[in-house]
Amino acid sequence: MIKYDIKKISEKNIRMIPRKMVEISEQINKITAKMKGRIEKEIPDTGYFRNFAEDFENKNKNIYARAISMSIEKDENIDGHALLLLSALHPSMNIDASSMLVCGKRDDILSFMNKENFTKKVEEEIIKLSDSLKRI
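Numbering-wise (my numbering), the sequence shown opens with residue 270 and increments by one.
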């Protein structure tokens, strides 16, 4: 336990630095930009590629998830196709909830991510995943 000398502590000595709350849409935009860059570089038209993901720690109290992840996985059934997935990690870190946003070739996924309402759709999907995690 830390012991404080109360006599030395005063309002002048303590500076409260407010923590900037980052909006969920800002965090979605950051990982979307990272994912777009990785999709362009790492997914070929045909053939093998590694699955990859980008994530962020959830700071929003309204969303019941410890972290949010956006990932790309190879579609095992169709060559050259990939799945864009969204996952939310339960606060206990034992389970997660996932949903598929889109399946297709690299250009299909990128055009889906470039739509105006993409961030809004992802936000809505995160809320659905959060609700499903609450019920567990």
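C-beta atoms are modelled at their ideal positions from N, C-alpha and C, and glycine is treated no differently.
Residue environment: S399 is assigned as buried (16 or more neighbouring CB atoms within 10 Å of its CB, all protein chains considered).
The Cβ-Cβ distance between K305 and N383 falls below 9 Å. Below 8 Å, too few C-beta pairs join the region 361 to 373 and the region 316 to 326 to call them touching: fewer than three. In the structure shown, the three-state DSSP call for M369 is strand. The C-beta distance from K403 to Y317 rounds to 38 Å, too long to meet the 8 Å contact threshold. Using a Cβ distance threshold of 9 Å, I341 and I312 count as a contacting pair. According to the DSSP secondary-structure assignment, I297 is paired through a beta bridge with no residue.
Residue state for K374 is assigned as coil, using DSSP reduced to three classes. Straight-line measurement puts the Cα of F321 at about 18 Å from the Cα of V391.
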